[in-house]
Amino acid sequence: EAGVAQSPRYKIIEKRQSVAFWCNPISGHATLYWYQQILGQGPKLLIQFQNNGVVDDSQLPKDRFSAERLKGVDSTLKIQPAKLEDSAVYLCASSLTGASYNEQFFGPGTRLTVL
Amino acid sequence: AQSVTQPDIHITVSEGASLELRCNYSYGATPYLFWYVQSPGQGLQLLLKYFSGDTLVQGIKGFEAEFKRSQSSFNLRKPSVHWSDAAEYFCAVGAGNNNDMRFGAGTRLTVKP
């Protein structure tokens, strides 16, 4: 079974530039999550999708971050414009449903460096 | 909202020694508890989880964890550590119906030969 795929694996940009990350979840998984993991911290949930609808985006900085999952499968996360403090690993995860007992499967992440 | 504290930022153990990683949670009801491991450059892999029932849960790679409600703890243990166990370990607590999971800051494990 293929796991969660993410691209790119690494990205270096200047502040005020834009960047986009892509995630393809495990086939059949209805729920998709984007996490931000700053160095030395645990992952923090940015947004959760159930199929193509947003379940929770309370911790997403909406003035600069956006995410979509138009067809309920793969998803993109965009930052525009980027700030230095956005340097982090962005993890995508998926689960069969959004219930708390369902395991979340994580992708390898995209490491973003903002200079 | 739920929260997790991992008191130890970094732990070093010798190969073959036993290991215990601490995790304390805060949540008003019975939580869903998880331990994940993250190797360098990798995503998180689930080691084990607790939802209900037996408070001692077995996981992959020889790990186990014990849920102690009275202490709000869910400590991870392994009787004999292998060099390949060197990684970052995260405790997480889930609650509610939308899988709102909160992670601790992690404990980095170094294994000495």
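Protein chains in written order, with our numbering: chain R, 1 to 115; chain P, 116 to 228.
Just so you know, even glycine gets a beta-carbon here, dropped at the ideal spot from N, CA and C.
Bear in mind the structure is a predicted one, so any value in this text is a computation, not a measurement.
> What three-state label does DSSP hand lysine 176 of chain P in the structure shown?
Replying inline: helix
> What do you get for alanine 132 of chain P, buried or exposed, if any count of 16 or more other CB atoms within 10 angstroms of its CB means buried?
Replying inline: exposed
>> Quick test of your reading: asparagine 52 of chain R and lysine 71 of chain R, contact by CB under 8 angstroms. State the CB separation rounded to the nearest angstrom.
In response: 7 angstroms
>> With distance defined between alpha-carbon atoms, name the residue in P:Glu181, P:Asn139, P:Ser141 nearest to lysine 164 of chain P.
In response: P:Glu181
>> Alpha carbons only, please: which of P:Glu135, P:Pro155, P:Ala116, P:Pro228 is nearest the one belonging to proline 194 of chain P?
In response: P:Glu135
> By DSSP, does phenylalanine 37 of chain R sit in helix, in strand, or in coil?
Replying inline: Before going further, note that residue 37 of chain R is glutamine rather than phenylalanine in the sequence given. It is a strand residue.
> Mapping DSSP to helix, strand and coil, what is glutamate 103 of chain R?
Replying inline: Coil.
> Can you tell me whether DSSP reads arginine 217 of chain P as helix, strand or coil?
Replying inline: strand
> Can you list the beta strand (DSSP E) stretches of 3 or more residues lying completely in the segment 148 to 214 of chain P, in chain order?
Replying inline: 159 to 165, 171 to 173, 179 to 183, 188 to 193, 202 to 210
>> On a Cα-Cα basis, can you pick out the residue from R:Ile38, R:Ala20, R:Asn24, R:Gln17 that is closest to serine 87 of chain R?
In response: R:Ile38
> What residue does the beta strand (DSSP E) around leucine 77 of chain R start on, and which one ends it?
Replying inline: 75 to 79
>> Which same chain residues end up closer than 7 angstroms to asparagine 190 of chain P when comparing Cβ atoms and leaving out the 5 residues on each side of it in sequence?
In response: Once the five neighbours on either side are set aside, the close Cβ partners of asparagine 190 of chain P are Glu135, Leu136, Arg137, Cys138, Ala180, Glu181.
>> Quick check for students: name the residue ranges of the alpha helix (DSSP H) that lie wholly in the segment 41 to 66 of chain R, counting only runs of 4 or more.
In response: none
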